[in-house]
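Have a look at the structure below, then the notes.
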Amino acid sequence: MALHPDFPKSPYAIPHPDQRWFPAAEDLHTTAYEKLLPPLVANIRREVGDWRQRGYPAATATSRALLQWWFRTDHMIEQADGRLSRFQYYFAQRETVETVIWLYDVRKARDKFDLMRFDASGAVSAGLFPEDWPRYVGKMATGSGKTKVLSLLIAWSYFHRLYEADSALARNMLVIAPNIIVLDRLRSDFDGLKIFFNDPVLPDNGFAGRNWRDDFQITLPI
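Residue numbering for the sequence shown follows this note's numbering, starting at 1 and increasing by one per position.
Printed below as a string of structure tokens:
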């Protein structure tokens, strides 16, 4: 396994799409990169990186406002002792959220045939996708903050449905845990909707002309 020599040490830094972890020796990077990654990753990663650099064009107004709030606005969080500290999402969290929004909002990938257009391997066929509904998968390491990603995507879906006239997303969510340990961890964050107010998930009322906090009236069984 290899890291690009210019791979950043900070979890907040934005790496170039070609300067990423690679599941083989680095000397195979130039000849086998797209073959050894999951087949849709390489092309999606590059296009999302370009989209991010250009300021999220073609996203809905709701999506663009949320992305600006989450990833391009400074946030200070009060700690238990009353001190304020800067809060910032990890790049892995940011890229996962950006990718889901880009696929849905910008590329409008609604089925397996839309997703197959990003295949860089030449080995993907429709038979590999048993679902007939859109499913976006983000792979993140243990401890990299998947619960925070979940909170952002729940908020995005809720506000997209609320504010975008033609949205087919949902305002009510069901979170399903694979086991009791994960269930208890999710409850510690989502009971009482704590994570949405403790983290800077919800923009301030008035941001981009919306009353985000007042309008966030979600049902979230776990």
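Every residue, glycine too, gets a C-beta built ideally from N, C-alpha and C. Quick caveat, the model's predicted, so the values are computed rather than measured.
Check                                                                                                                          : Outcome
Do the stretch 62-77 and the stretch 205-217 meet, that is, are 3 or more Cβ pairs less than 8 Å apart?                        : yes
Is residue 75 helix, strand or coil when you go by DSSP?                                                                       : strand
CB-CB under 8 Å to residue 212, same chain, minus the five flanking residues each way: which ones, in chain order?             : 159, 202, 203, 204, 205
For residue 97, does the count of other Cβ atoms within 10 angstroms reach 16, so buried, or fall short, so exposed?           : buried
For the ligand NAD, is there a heavy atom less than 7 Å away from the beta-carbon of residue 140?                              : With respect to the ligand NAD, the structure offers nothing, as it holds no ligand at all.
So, under 8 Å CB-CB, residue 134 and residue 109 are touching, yes? Tell me the CB distance rounded to an integer number of Å. : 7 Å
First and last residue of the beta strand (DSSP E) that includes residue 225?                                                  : As displayed, the chain neither begins before 1 nor continues past 222, which places residue 225 out of reach and without an answer.
Quick check: what's the CA-CA separation for residue 13 versus residue 125?                                                    : 35 Å
Does DSSP put residue 54 in a helix, a strand or coil?                                                                         : coil
Work out the CA separation of residue 101 and residue 119 for me, nearest whole Å.                                             : 19 Å
Tell me the rounded alpha-carbon separation between residue 181 and residue 146.                                               : 15 Å
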